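**Q** I have a structure here, written as structure tokens, and I will follow up with some questions on it.
Written as structure tokens, this is what we have:
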């Protein structure tokens, strides 16, 4: 099949990593093409790529270019991965009669009438990475169950194992890691305030927080760290091309998002034996069983997060047992070959149905 992936993101993040893994793993048995907006995204791909402006959700120039590209490359399936792409690819798909399978990686309720047009009228199928997202979509009443396919994210563990060498020194004697685009929905302000509470509970702790990533809210969160007296305890590393040595050197991985599907960063950290602490976001309960292979807390509950960090700080044996159980869960449940075959099968089924 000829499959076109579309990603109009300005920066590299979890959705972009999923797009690369999906497109490049499918390329072994299919022809895959990427349409992208920014070089910060496009430069990560090795498959044939086209850059389009994607100025707005109904950018007529981009739609026209997409239509021509679909016909030129004889595309069988369109896979848009961002909300803007859903409309652009959806309209181009209707014009060319090409099925559109959108990929949705966050758990958001669909409340507005216009969303029916985007998620149902323009769409032949939807890939989600958590059962929780599927249940949310079914609550709309207008998206039939057969249009939704749950496909868990895959991890390229061979590549991760290669990139953890050489190992690095621990950033702090007790290191808490966080990774993601630095925006408010990732909850880094909640994490920083909770870390300040942890320091109050454990004033002698030689602990630090490493935030890996870049984003528009970084200056505000750096200022918050300074305001809380944590300038020497909170380190913003910026975007890391290879975050794996830092994750492997960390004791805890904190995911404090307001909403998620199933975070790539969380899975990677679990594979690298970071004991995870996460909010009840999206499909996280499909990978973390509370108090067995990680700890779960409510978003915004700074006291609970500080106590969870304290629990794992003070109980090394429990922390290491959770970290080992976390790795085992990821090894058993998530793989790139399984993800690629599931995507390909859903594409074939959807193309045959439309």
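Residue numbers (the UniProt record's numbering): 1 to 354.
Positions of the beta carbon are idealized from the N, C-alpha and C atoms, including for glycine.
Computed from a prediction, not measured in an experiment: that's the story for all the values here.
Count the other CB atoms, across all protein chains shown, that sit within 10 Å of the CB of residue 68; report buried if there are 16 or more and exposed otherwise.
**A** Residue numbering aside, residue 68 sits at position 68 when the chain shown is read from its first letter. So residue 68 ends up on the exposed side.
**Q** Could you pull the start and end residues of the beta strand (DSSP E) that residue 6 belongs to?
**A** Taking the first residue of the chain shown as position 1, residue 6 is located at position 6. Element bounds for residue 6: 2 to 7.
**Q** Please report how far the alpha carbon of residue 265 lies from the alpha carbon of residue 100, in whole angstroms.
**A** Numbered from its first residue, the chain shown carries residue 265 at position 265. Numbered from its first residue, the chain shown carries residue 100 at position 100. When rounded, the distance between both Cα atoms is 27 Å.
**Q** Just list the beta strand (DSSP E) runs in the UniProt domain "Glycosyl transferase family 1" (174 to 329), keeping only unbroken ones of 3 residues or longer that don't cross its boundaries, in chain order.
**A** Those beta strand (DSSP E) runs which fall completely within the UniProt domain "Glycosyl transferase family 1" (174 to 329) and span 3+ residues are 174 to 179, 207 to 212, 234 to 238, 252 to 255, 275 to 279 and 295 to 297.
**Q** If you run the structure through DSSP and keep just helix, strand and coil, what is residue 36?
**A** What you label residue 36 is simply residue 36 of the chain shown in a count that begins at 1. In the structure shown, residue 36 sits in a strand (DSSP, three-state: E or B).
**Q** Quick check on the DSSP output: the alpha helix (DSSP H) that includes residue 113 runs from which residue to which?
**A** Position 113 of the chain shown, counting from 1, holds the residue named residue 113. Start and end: 113 to 116.
**Q** Have a look at residue 359 and residue 279 and give me their C-alpha separation to the nearest angstrom.
**A** Look at the range of the chain in this structure, 1 to 354, and you will see that residue 359 is not part of it.
**Q** Assuming residue 36 and residue 56 make a contact with CB atoms under 8 Å, what is their CB distance in whole Å?
**A** Stepping through the chain shown from its first residue, residue 36 is reached at position 36. Stepping through the chain shown from its first residue, residue 56 is reached at position 56. Actually they do not touch by this definition, with Cβ atoms about 16 Å apart.
**Q** My understanding is that residue 235 touches residue 287, with C-beta atoms under 8 Å, so please give their C-beta distance in whole angstroms.
**A** Translated into the one-based positions of the chain shown, residue 235 becomes position 235. Translated into the one-based positions of the chain shown, residue 287 becomes position 287. No, residue 235 and residue 287 are not in contact; Cβ-Cβ is about 27 Å, not under 8 Å.
**Q** Between residue 170 and the rest of its own chain, which residues show a CB-CB distance below 7 Å, the 5 nearest in sequence each way excluded?
**A** As a first step, residue 170 must be located in the chain shown, where it is residue number 170. The answer, listed in chain order, is 249.
**Q** Who are the near neighbours of residue 244 in its chain, counting only those whose CB is closer than 6 Å to its CB and skipping five residues on each side?
**A** What you label residue 244 is simply residue 244 of the chain shown in a count that begins at 1. If we look at residue 244 and ignore the five residues flanking it on each side, its Cβ neighbours are 160, 163 and 164.
**Q** Is it the case that the region 111 to 119 contacts the region 293 to 303, given that we only count it when at least three CB pairs across the two stretches are under 8 Å?
**A** At 8 Å Cβ cutoff, the stretches do not touch.
**Q** Please state whether DSSP places residue 124 in a helix, a strand or coil.
**A** If you number the chain shown from 1, residue 124 lands on position 124. It is coil, neither helix nor strand.
**Q** List the endpoints of the continuous beta strand (DSSP E) containing residue 147.
**A** Taking the chain shown and counting its residues from 1, the one referred to as residue 147 is at position 147. No beta strand (DSSP E) contains residue 147, which DSSP labels as neither H nor E.
**Q** Quick check: the Cα distance between residue 184 and residue 217, rounded to an integer number of angstroms?
**A** Residue numbering aside, residue 184 sits at position 184 when the chain shown is read from its first letter. Residue numbering aside, residue 217 sits at position 217 when the chain shown is read from its first letter. Each residue's alpha carbon lies about 7 Å from the other.
**Q** If you drop the 5 nearest sequence neighbours on each side, which residues of the same chain put their C-beta closer than 8 Å to that of residue 190?
**A** Residue numbering aside, residue 190 sits at position 190 when the chain shown is read from its first letter. The answer, listed in chain order, is 256, 299, 300, 302 and 305.
**Q** Measuring straight from C-alpha to C-alpha, what distance separates residue 276 and residue 323?
**A** As a position in the chain shown, residue 276 is number 276, starting the count at 1. As a position in the chain shown, residue 323 is number 323, starting the count at 1. Near 7 Å, if we compare the C-alpha coordinates of residue 323 and residue 276.
**Q** Determine the direct distance from the alpha carbon of residue 310 to that of residue 197, and round the result to whole angstroms.
**A** Counted from its first residue, the chain shown places residue 197 at position 197. Counted from its first residue, the chain shown places residue 310 at position 310. Their backbone Cα atoms lie some 10 Å apart in a straight line.
**Q** On the DSSP bridge assignment, give the partners of residue 101 in chain order.
**A** Here the question's residue 101 lines up with position 101 in the chain shown. In DSSP, residue 101 forms a bridge with 125.
**Q** Would you kindly check if the distance between the Cβ of residue 334 and the Cβ of residue 155 is under 9 Å?
**A** On the chain shown, residue 155 is found 155 positions in, with the first residue counted as 1. On the chain shown, residue 334 is found 334 positions in, with the first residue counted as 1. Contact: yes.
**Q** Should residue 58 and residue 91 be called a contact, given that it needs their Cβ atoms to be closer than 9 Å?
**A** On the chain shown, residue 58 is found 58 positions in, with the first residue counted as 1. On the chain shown, residue 91 is found 91 positions in, with the first residue counted as 1. Yes. Within cutoff.
**Q** Reducing DSSP to helix, strand and coil, say where residue 71 ends up.
**A** Looking up residue 71 in the chain shown gives position 71. Of the three classes helix, strand and coil, the one that applies to residue 71 here is helix, per DSSP.
**Q** Assuming the contact rule is C-beta atoms closer than 8 Å, residue 22 and residue 82 should be a hit. Round their C-beta distance to whole Å, please.
**A** As a first step, residue 22 is located in the chain shown; it is residue number 22 there, counting from the start. As a first step, residue 82 is located in the chain shown; it is residue number 82 there, counting from the start. In fact, because the Cβ distance is near 14 Å, the residues do not count as touching under 8 Å.
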